[in-house]
Amino acid sequence: MPRLRIHLVRHGEVFNPEGILYGRIPGYGLSELGFEMAQRVADALPEKDPHVQALVASPLQRAQETIAPLAERLRLPVVTDERVIEAENDFEGTRVTKDSLVRDPRSLYRVRNPLRPSWGERYLDQALRMRAAMMSLRARLTAIAARDGLDEASGVIVSHQLPIWSTRLWTEGRPLAHDPRRRECALASVTSFSDGSGTLDVVEYENIAGDLQLTQPGTGA
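Read in the UniProt record's numbering, the sequence shown has 105 at position 105, and its numbers run on one by one without any break.
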């Protein structure tokens, strides 16, 4: 049985000078620094793992722009998968602050249950759709390894912070409700899953762009 790995990569920094929670809104692409982060991924990931055979990305612009340099370097096509898209969020298109929540009773009602959460797509639903996409990719990698006689095969999925973090929490058997400030999923970071005692249950994390100074106040993920 070949050794299989799937790397979940968060997209690079987005150009968002107004600090909008952009969510799934189209038209939000990478900032200049974000393109630098994408190149960092393209340079670092093949060195970390020379066995990448397949690429997948969220349909959103920032994810497509992040994976493009890696696809060019590896000369691999990118499969777009709706299952790895950003989480739904009722605050999409707004600037969310403590003051804005206090001033608007409707906003306070939306945040009534942080355990689900009540303001958007359930953490569990995000984790399950992401895991489904990962298992589909794993099946592709298994077929590629069998066809080409490979001992190892890896895939890359470029997605978004909250879906990636929810997937990691679910995989590690940790509570899905969490403090957003404590997420370990920086821009252009790599969260890697490989087989251990189960299927894609061993998790490693690397912040390969952690030395870069962010330039945008963006609140999307």
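In this text, a Cβ means the ideal position worked out from N, Cα and C, and glycines have one as well.
What you are looking at is a predicted structure, and each value in this text was computed from that prediction instead of being measured.
Uninterrupted alpha helix (DSSP H) stretches at least 4 residues long and entirely within the segment 19 to 57 occur at 32 to 48, given in chain order. Put simply, the backbone Cα of L141 is about 46 Å away from that of R106. Between the segment 85 to 97 and the segment 131 to 148 there are fewer than three inter-stretch CB-CB distances shorter than 8 Å, so the stretches are not counted as touching. Three or more Cβ pairs closer than 8 Å define a contact, and the segment 185 to 199 falls short of that threshold against the segment 71 to 91. Here DSSP, grouped into helix, strand and coil, assigns I6 to strand. Note on geometry: alpha-carbon atoms of P46 and V52 lie some 7 Å from one another. DSSP links G155 through a beta bridge to I6, A54. In terms of CA proximity to N113, A177 leads the group A42, A177, I208. By the criterion of at least three beta-carbon pairs nearer than 8 Å, the segment 28 to 37 is in contact with the segment 6 to 14. Per DSSP, the unbroken beta strand (DSSP E) holding E204 starts and ends at 202 to 206.
Just so you know, the alpha carbons of A145 and A153 end up roughly 6 Å apart.
A Cβ-Cβ contact shorter than 8 Å links A127 with W170. By the neighbour-count definition (other C-beta atoms within 10 Å, threshold 16), M1 is an exposed residue.
Taking every protein chain shown into account, the CB of T167 has 16 or more other CB atoms within 10 angstroms, so this residue is buried.
Counting along the chain, the unbroken beta strand (DSSP E) around T80 starts and ends at 78 to 80. Looking only at L4, R83, P69, A143, the smallest Cα-Cα distance to I164 is reached by R83. Contact between A57 and V158 holds: CB atoms are separated by about 4 Å, below the 8 Å threshold. Excluding the 5 residues flanking it on each side, G120 has same chain C-beta neighbours closer than 7 Å at A87, E88, N89, D90, in chain order. When only Cα atoms are considered, V156 and G196 end up about 19 Å apart.
Taking all protein chains shown into account, G34 has 16 or more neighbouring C-beta atoms within 10 Å of its C-beta and is therefore buried. The beta carbon of V78 sits closer than 8 Å to the beta carbons of L55, V56, A57, Q64, I67, A68, A71 from its chain, once the five residues preceding and following it are set aside; these are given in chain order.
A direct Cα-Cα distance of roughly 11 Å separates Q213 from E36.
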